[in-house]
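Quick notes on the structure that follows.
Protein chains: 2
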Amino acid sequence: MKLTSKGRYAVMALADLARFDNVNPVSLRDISLRQGISLDYLEQIFSKLRKKEIVQSVRGIQGGYVLNKNAKEIKLTNIFDAVDEKVKTVQCKKESKKGCNGKSTKCLTHNLWDELENHINNFFEEKSLYDLVKDNSERRI
Amino acid sequence: MKLTSKGRYAVMALADLARFDNVNPVSLRDISLRQGISLDYLEQIFSKLRKKEIVQSVRGIQGGYVLNKNAKEIKLTNIFDAVDEKVKTVQCKKESKKGCNGKSTKCLTHNLWDELENHINNFFEEKSLYDLVKDNSERRI
DNA sequence: TATAAACCTGACTAAAATAGTCAAGTATAT
DNA sequence: ATATACTTGACTATTTTAGTCAGGTTTATA
Chain A
14 MKLTSKGRYA VMALADLARF DNVNPVSLRD ISLRQGISLD YLEQIFSKLR
64 KKEIVQSVRG IQGGYVLNKN AKEIKLTNIF DAVDEKVKTV QCKKESKKGC
114 NGKSTKCLTH NLWDELENHI NNFFEEKSLY DLVKDNSERR I
Chain X
14 MKLTSKGRYA VMALADLARF DNVNPVSLRD ISLRQGISLD YLEQIFSKLR
64 KKEIVQSVRG IQGGYVLNKN AKEIKLTNIF DAVDEKVKTV QCKKESKKGC
114 NGKSTKCLTH NLWDELENHI NNFFEEKSLY DLVKDNSERR I
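Those protein sequences? They're chains A and X, same order as listed.
Here the first sequence is numbered in our numbering, starting from 14 and rising by one per residue.
Here the second sequence is numbered in our numbering, starting from 14 and rising by one per residue.
What follows is the structure, encoded as structure tokens:
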């Protein structure tokens, strides 16, 4: 059970962006250098973030990305959703909800996995990008 | 972020065991049939569970496995730990705790991942095998 | 208006993890 | 005796991950 780099990088990059986007757009190159994430990989990630309207792009020299919403309105859920970082506990979801293929003993633990998924997703629902940067605002230059 | 089959199967198999081990040891073959898990794979899993003293084996005809502790004392944490299902959110843990390699901007999100790990692990600490089977005891034959 | 910075896209791939299978045993109740 | 069931270790196909690579397009500014 682990978080993938894609989800982790997305949050790291947006946290970085949230701290530095006050004046100008932030270039991926800067984020790449500060966070130690490959530029090419960042481009993939930001392409998805843009499609989900979490960030906005500014092309050309001095271009980059800016947040498309207030940092308080961007939940971790939204970020993970954008980059396809899903919380999956069990496959049998798509089948009939009760009994999982009719074998009633099979999914003794079905409710457990549901609870676990909810438990984790609640965490992501409660945290916003703002929650991350406010704690680090004293580091701001 | 997903739960692996190994962890999931371990819990499913133990829940099955907890329901049926009142009288006799439960054979892996029975669990395999009821839960739809490959026998060979179950053997790998139970080998680990036995080493961690979560179950006890009984050899020979009519043999099988029994729980080695009261179901209330077996937490999901213990199960996942036994089969190496770990909750991992971030790699930089092993390095220096502050700043992650000295780059102070890098781990803006470090605390977040710690919180997430704790959040998930708390869930596993709170749930015991008994919690699973008590909810399903009315299904018992 | 040339040009370099920076965004944009899709295809490709090496490495790691996963989810098993397979083979060859050993122990013991009946 | 012997069938049942545990025991162990090696092996492997598939999938996922975590990127790289190549080739663009856009636009501020000198």
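All C-beta atoms, glycine included, are put in the ideal place defined by N, C-alpha and C.
Outcome for residue i when other beta-carbon atoms lying within 10 angstroms are tallied against a minimum of 16
i                 : result
Val24 of chain X  : buried
Val36 of chain X  : exposed
Ile74 of chain X  : exposed
Asn124 of chain X : exposed
Leu46 of chain X  : exposed
Asn91 of chain A  : buried
Val71 of chain A  : exposed
Glu98 of chain X  : buried
Arg42 of chain A  : exposed
Chain X residues whose Cβ lies nearer than 9 Å to that of residue i
i                 : result
Ile133 of chain A : Met14, Leu129, His132, Ile133 and Phe136
Gly77 of chain A  : Result: empty, since nearest Cβ-Cβ is about 16 Å, beyond 9 Å.
Simplified DSSP state of residue i, which is helix, strand or coil
i                 : result
Gly77 of chain A  : strand
Val96 of chain X  : coil
Lys65 of chain A  : coil
Lys101 of chain A : strand
Ser18 of chain A  : helix
Val71 of chain A  : strand
Val146 of chain A : helix
Asp29 of chain X  : helix
Ser40 of chain A  : coil
Chain-ordered neighbours of residue i on chain A, where CB pairs are closer than 9 Å
i                 : result
Lys99 of chain X  : Met14 and Lys15
Lys140 of chain X : Leu125, Glu128 and Leu129
Thr102 of chain X : Lys15, Leu16 and Arg21
Close-in-space but distant-in-sequence residues of the same chain around residue i (CB under 8 Å, 5 per side omitted)
i                 : result
Ser141 of chain X : Ala84, Lys85, Glu86, Ile87, Lys88 and Leu89
Leu129 of chain A : Thr102
Val68 of chain A  : Leu27, Leu30, Phe59, Leu62, Tyr78, Val79, Leu80 and Asn81
Contacting residues, own chain, Cβ-Cβ under 6 Å from residue i (five flanking each side not counted)
i                 : result
Trp126 of chain X : Thr102 and Val103
Leu145 of chain A : Ala28
Gly76 of chain A  : Pro38
Proximal chain X residues relative to residue i, where beta-carbon distance stays under 8 Å
i                : result
Gln63 of chain A : The sequence shown places Arg at residue 63 of chain A, rather than the Gln named in the question. Under the 8 Å cutoff, chain X gives no residues; its nearest Cβ is about 21 Å from Arg63 of chain A.
Close beta carbons around residue i, own chain, < 7 Å, minus the five adjacent residues each side
i                 : result
Ile133 of chain A : Val100
Ala26 of chain A  : Ile44, Gln48, Ile50, Leu55 and Ile58
Met14 of chain X  : none
Chain-ordered chain A contacts of residue i [CB-CB under 8 Å]
i                 : result
Leu145 of chain X : Leu121, Thr122 and Leu125
Val36 of chain X  : Residues of chain A passing the Cβ test: none, with the nearest at roughly 17 Å.
Val24 of chain X  : Thr122 and Leu125
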